[in-house]
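Undergrad: Quick one: the structure is below, questions incoming.
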Amino acid sequence: MKGAAALFVLAGCGATLALAQSPAAKPDTAKGRIIATQMCAACHGQDGNSPAPANPKLSGQIPEYMVKQLGNFKENTERKNPIMAGMAAPLSVEEMRSIAAYYGEQKAMQGTAKNRDTVVLGRRIYRGGDTARGLPACAGCHGAAGTGIPVQYPRLAGQYAEYTEAQLKAFRSGERANDPGAMMRTIASKLSDSEIRAVSDYIAGLR
0 MKGAAALFVL AGCGATLALA QSPAAKPDTA KGRIIATQMC AACHGQDGNS PAPANPKLSG
60 QIPEYMVKQL GNFKENTERK NPIMAGMAAP LSVEEMRSIA AYYGEQKAMQ GTAKNRDTVV
120 LGRRIYRGGD TARGLPACAG CHGAAGTGIP VQYPRLAGQY AEYTEAQLKA FRSGERANDP
180 GAMMRTIASK LSDSEIRAVS DYIAGLR
């Protein structure tokens, strides 16, 4: 579950989202904990607070978003990652929901913004965007505090800056393409490397 692994940020699309939202029995968080311990904890932490910046924190993440990402990894088309594809391949939808519910219930560890020199730029992009360039504010979808909107948009607050930066660059290059209507690819295409670093660092300090 390394590198561009698991389940962060930013939107998803298609049949898997409908699958994540379809009626089903209540997820079994006890079962989710067992699976997470066996398959996920080494990279993402037992409670979803990943020990490594290359791997996203899953604690407190919106469950529907995590289910969608696992489905996308399993499909291995719009979000390709050999390690995550292998991890997701044997999982049923029920198991995905159970894992997501378990991690969603865990307390997210607070992060910190590390670069004081870029805080102003990161805050400006996150809170206000840039209307002259058609760049929407991140807060419009992910919330002023980065807590996301259930079902629709994932939690960003406290996520490792390194992971957020990698995902924004993956959207920008088209390597990651599981965003509805190319929403994140369009947004990321308007951001420079320095802007991506600034907003990623700012997001890490949200709480």
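For the sequence shown, numbering that gives the first Met the number 0 begins at 0 and goes up steadily by one. Glycine included, each C-beta is placed from N, C-alpha and C at the ideal position.
(1) Relative to the C-alpha of residue 138, which candidate in 132, 127, 131 has its C-alpha closest?
(2) DSSP has residue 134 in a bridge; who is on the other side?
(3) Would you kindly work out how many angstroms separate the C-alpha atoms of residue 184 and residue 94, rounded to a whole number?
(4) Verify whether the separation of the beta carbon atoms of residue 207 and residue 195 is less than 8 Å.
(5) Between 65, 206, 67, 96, which lies nearest to residue 143 when the distance is taken from Cα to Cα?
(6) Below 8 Å between beta carbons: does that hold for residue 98 and residue 51?
(7) What residues match up with residue 175 in a beta bridge as DSSP calls it?
(8) Is it true that the stretch 59-79 meets the stretch 166-178, where meeting means three or more beta-carbon pairs spaced less than 8 Å apart?
(9) Look at the Cβ atom of residue 108, then the Cβ atom of residue 48, and state whether they are nearer than 8 Å.
(10) What did DSSP end up calling residue 101 once you bin it into helix, strand or coil?
(11) CB residue 87 to CB residue 28, shorter than 8 Å?
(12) Please confirm whether residue 82 and residue 149 have their CB atoms less than 8 Å apart.
(13) Given a cut-off of 8 Å, decide if residue 167 and residue 199 are closer than it, judged by their beta-carbon atoms.
(14) On a Cα-Cα basis, can you pick out the residue from 201, 154, 190, 46 that is closest to residue 171?
(15) Please state whether DSSP places residue 148 in a helix, a strand or coil.
TA: So, to answer that:
(1) 127
(2) 129
(3) 29 Å
(4) Because the chain in this structure spans residues 0 to 206, residue 207 falls outside the shown range and cannot be described.
(5) 206
(6) no
(7) 78
(8) yes
(9) yes
(10) helix
(11) no
(12) no
(13) yes
(14) 190
(15) strand
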